[in-house]
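Chemist:
In the UniProt record's numbering, the protein residues as written are 1 to 293.
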């Protein structure tokens, strides 16, 4: 399956910005199932400096600096992808590790992949382990249960017990509040799942990217209505990192496009940086379009 993703971010400032430095996580990753065919980045005003690199987690980044006064900033990124569907039945057939075995393995890793996965047991800037999170998840992740099946069960639990509501949380809402109010958005559900998994001793990481959304039968697909998406992955020694989407109660196969991964959202923020001046106020708008080629 081939996709084209166009992600446009616009800023409008209350007064001219004299200088800005930015780093973006908007370029695609190469994965076992995903290949980037081409990519194009347009920035207005034109940067005086621009450079692509990779971060600690292997994500593609690009840095840019604008050194002329501007009241508007636009970053327009277009990427074409080729995605090979993941054989989910094969994943289920190969999954042999129990939750208890995975916990023990993380205490005494023996391979490079296991040592790297252990990092995803630790607290991170936006995810802290807690007794409340542990208590919410521990029954699902009992020692004897198959780890993949338990994660599927927990994904369904989140989907069933939480309501998608973009008006109840912000990027700074604590996980305990999300757990108490039982509502949030995809980022909250991914963070909550990761917090719960880490709290019961299982390694989990944050996945950021895009999800193809299809219009109702007989209707045209609108441009710019797709959105950035978030889900999570758990490490299993026999399979590597296996992804789960609690917002949609499924395991991603060929409609999820990965941009970046890390410990939590703070590691993969689409755009971050500093500006000088700007009038103390700014407005941001984001348009995302995902189309099959």
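Ideal Cβ placement from N, Cα and C applies to all residues, glycine included.
#1: Three or more C-beta pairs closer than 8 Å, one from the stretch 238-253 and one from the stretch 18-28: is that the case here?
#2: With H, G and I counted as helix, E and B as strand and the rest as coil, what does DSSP make of residue 146?
#3: Based on the DSSP secondary-structure assignment, which residues constitute the bridge partners of residue 35?
#4: So for residue 22, helix, strand or coil by DSSP?
#5: Under a Cβ-count criterion, where at least 16 other Cβ atoms within 10 Å of its own Cβ denotes burial, should residue 284 be classed as buried or exposed?
#6: Please tell me whether residue 230 and residue 57 are closer than 9 Å, where the distance is taken between their beta carbons.
#7: I want to see whether chain C comes within less than 9 Å of residue 23, judged by CB atoms only; does it?
#8: Tell me which residues share the same chain as residue 34 and place their Cβ nearer than 8 Å to its Cβ, disregarding the 5 neighbours each side in the sequence.
#9: Nearest by alpha-carbon distance to residue 123: which of 286, 199, 38 is it?
#10: Would residue 60 be called buried (16 or more neighbouring beta carbons within 10 Å of its own) or exposed?
#11: Assign residue 194 to one of three DSSP states: helix, strand, or coil.
#12: Confirm, please, whether the CB-CB distance from residue 247 to residue 185 is below 9 Å.
#13: Nearest to residue 68 by alpha carbon, out of 102, 47, 170?
#14: Could you tell me the alpha carbon to alpha carbon distance between residue 138 and residue 111, rounded to whole angstroms?
#15: First and last residue of the alpha helix (DSSP H) that includes residue 283?
#16: Taking residue 39 as the reference, give the member of 3, 65, 188, 161 with the closest Cα.
#17: Given residue 237, which residues of its chain have a CB within under 7 Å of its CB, disregarding the five upstream and five downstream residues?
#18: Assuming residue 52 is part of the beta strand (DSSP E), what are its boundary residues?
Modeler: Judging by the given coordinates:
#1: Contact between the stretch 238-253 and the stretch 18-28 is absent, with fewer than three C-beta pairs closer than 8 Å.
#2: Strand.
#3: Residue pairing by DSSP puts residue 35 in a beta bridge opposite 82.
#4: In the structure shown, residue 22 adopts extended strand secondary structure according to DSSP, grouped into three states.
#5: It counts as exposed.
#6: No, the Cβ-Cβ distance between residue 230 and residue 57 is not below 9 Å.
#7: Reference to chain C is not applicable here, since this structure consists of a single protein chain.
#8: Take residue 34, set aside five residues on each side of it, and the residues of its chain with a beta-carbon closer than 8 Å to its own are 28, 81, 82, 83, 84, 257, 258, in chain order.
#9: Shortest Cα-Cα distance from residue 123 to any of 286, 199, 38 involves 199.
#10: Residue 60 comes out buried.
#11: When secondary structure is reduced to three states using DSSP, residue 194 falls in the helix class.
#12: For residue 185 and residue 247, yes; Cβs fall inside 9 Å.
#13: For residue 68, the closest alpha carbon among the candidates 102, 47, 170 is that of 47.
#14: Distance between the alpha carbons of residue 138 and residue 111: 27 Å.
#15: Note, residue 283: premise wrong, no alpha helix (DSSP H); beta strand (DSSP E) at 282-292.
#16: For residue 39, the nearest C-alpha among the options comes from 3.
#17: Once the five neighbours on either side are set aside, the close Cβ partners of residue 237 are 97, 105, 114.
#18: From DSSP, the beta strand (DSSP E) with residue 52 extends over 49-54.
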